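Okay, so here's the structure we're looking at.
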Amino acid sequence: DTAVSQTPKYLVTQMGNDKSIKCEQNLGHDTMYWYKQDSKKFLKIMFSYNNKELIINETVPNRFSPKSPDKAHLNLHINSLELGDSAVYFCASSLDRLNTEAFFGQGTRLTVV
Amino acid sequence: LAKTTQPISMDSYEGQEVNITCSHNNIATNDYITWCQQFPSQGPRFIIQGYKTKVTNEVASLFIPADRKSSTLSLPRVSLSDTAVYYCLVEDSGYSTLTFGKGTMLLVSP
């Protein structure tokens with residue numbers, strides 16, 4: 001069983017489109033994250049949710065909107081996609097907000113053309 | 114925000130011990146040091162975490178000097194499958210998240 005799963009694994013779309021990436025964890029963790037890894041392999045946190053509540057929102061354009069229907073899911077919706085949004089997006093979870101041992105998903109490679 | 118600095122890349126051969134050192138000069142009192150491993154096209158994987166002195170698990174050892182301004186990840190007898198990017202991370206005080214640097218690309222050759 002995959003602990004943290006994201007779908008889709010690959011996503012190619014045109015500029016201006018709206019797309020969503022889904023993430024689910026079956027670890028019973030309270031805290032979930034979205035990270036963005038750019039072409040230089042630099043990983044940067046975007047959002048963090050704890051028990052469905054937003055606790056971290058880094059400097060991310062408003063076009064990015066996370067949604068957490070329950071604590072096992074944290075989806076990322078992106079509006080009006082731009083070329084610069086092309087990256088690999090990783091979902092992660094940890095036991096709670098005080099625990100930094102995070103489990104990551106396999107990543108979603110987003111390519112905007 | 115505690116910034117980390119580590120070598121961009123390292124080369125090694127199978128069976129050797131590899132030590133990767135990371136500097137984090139402005140680490141805060143409550144910050145922990147975490148190392149993660151990332152294989153190509155995969156998400157980062159937690160390896161080891163420590164606060165001070167030495168921590169050892171089945172995968173690696175982590176050495177942290179008294180001033181905690183640096184840390185060294187030690188991989189005993191590396192194999193080809195240890196080829197990966199290794200990230201040194203410092204917990205963001207108050208946020209409990211992992212802030213990634215650029216990582217060290219370790220290449221293990223036969």
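Line order of the protein sequences matches chains A and B.
Note that this note's numbering has the first sequence beginning at 1, numbered continuously upward.
Note that this note's numbering has the second sequence beginning at 114, numbered continuously upward.
Backbone N, C-alpha and C fix where the C-beta goes; we use that ideal spot for every residue, glycine too.
Keep in mind that this is a model prediction, so the values were computed, not measured.
Per DSSP, which one or two residues make a beta bridge with residue i?
| i | result |
| --- | --- |
| Ile161/B | Trp148/B |
| Ile140/B | Answer is none; Ile140/B lacks a bridge partner. |
| Thr134/B | Thr185/B |
| Val112/A | Thr13/A |
| Thr118/B | Ser136/B |
Report the CB separation of residue i from residue j in whole angstroms; it is logged as a contact under 8 angstroms.
| i | j | result |
| --- | --- | --- |
| Tyr199/B | Phe213/B | Contact doesn't hold; Cβ gap of about 11 angstroms is too wide. |
| Asn75/A | Lys22/A | 5 angstroms |
| Leu202/B | Thr117/B | 7 angstroms |
| Lys148/B | Ile140/B | Checking the sequence, you will find Trp at residue 148/B rather than Lys. Trp148/B to Ile140/B, Cβ: 14 angstroms. No contact. |
| Phe104/A | Ala92/A | 5 angstroms |
| Val172/B | Ser125/B | Actually they are not in contact, since the Cβ atoms of Val172/B and Ser125/B sit about 16 angstroms apart, beyond 8 angstroms. |
| Tyr89/A | Lys52/A | 20 angstroms between Cβ atoms; not a contact. |
| Gln150/B | Ala197/B | 5 angstroms |
Taking the beta strand (DSSP E) that residue i belongs to, which residues open and close that run?
| i | result |
| --- | --- |
| Leu175/B | Ser174 to Ile177 |
| Ile21/A | Lys19 to Gln25 |
| Asp124/B | Ser122 to Tyr126 |
| Ala197/B | Ala197 to Glu204 |
| Gln6/A | Val4 to Thr7 |
| Ser217/B | The displayed chain sequence assigns Thr, not Ser, to residue 217/B. Counting along the chain, the beta strand (DSSP E) containing Thr217/B begins and ends at Thr217 to Ser222. |
| Val168/B | Thr166 to Thr169 |
| Ser184/B | Ser183 to Leu188 |
| Leu11/A | Tyr10 to Thr13 |
Query raised in the report: What are the complete beta strand (DSSP E) segments, minimum 3 residues, inside the segment 32-108 of chain A?
Result: As far as the segment 32-108 of chain A is concerned, its whole beta strand (DSSP E) runs of at least 3 residues are 43-50, 53-57, 64-67, 75-78 and 87-94.
Query raised in the report: For the segment 123-156 of chain B, which residues have a beta carbon sitting closer than 9 angstroms to at least one beta carbon of chain A?
Result: Look at the segment 123-156 of chain B: the residues with a C-beta under 9 angstroms from a C-beta of chain A are Tyr145, Thr147, Cys149, Gln151, Ser154, Gln155 and Gly156.
Requested in this report: Pull out every residue of the segment 95-109 of chain A whose Cβ sits closer than 9 angstroms to any Cβ of chain B, in chain order.
Outcome: For the segment 95-109 of chain A, the beta-carbon criterion of a distance under 9 angstroms to any beta-carbon of chain B is satisfied by Asp96, Arg97, Leu98, Asn99, Thr100, Glu101, Ala102, Phe103, Phe104, Gly105, Gln106, Gly107 and Arg109.
Report task. Name, going along the chain, the residues of the segment 182-201 of chain B whose beta-carbon falls closer than 9 angstroms to a beta-carbon of chain A. Result -> Contact residues of the segment 182-201 of chain B toward chain A are Val198 and Tyr200 (C-beta to C-beta distance below 9 angstroms).
Query raised in the report: Any residues in the segment 33-47 of chain A with a beta carbon nearer than 9 angstroms to a beta carbon of chain B? Which ones, in chain order?
Result: Cβ contacts with chain B: Tyr33, Tyr35, Gln37, Lys40, Lys41, Phe42, Leu43, Lys44 and Ile45.
Query raised in the report: What residues from the segment 73-98 of chain A come within 9 angstroms of chain B, judged by C-beta to C-beta, listed N to C?
Result: Taking 9 angstroms as the Cβ-Cβ cut-off against chain B, the residues of the segment 73-98 of chain A that qualify are Val88, Phe90, Cys91, Ala92, Ser94, Asp96, Arg97 and Leu98.
Report task. Would you list, in chain order, the members of the segment 161-176 of chain B that have their beta-carbon closer than 7 angstroms to a beta-carbon of chain A? Result -> Those residues of the segment 161-176 of chain B placed with their C-beta closer than 7 angstroms to a C-beta in chain A are Gln162, ordered along the chain.
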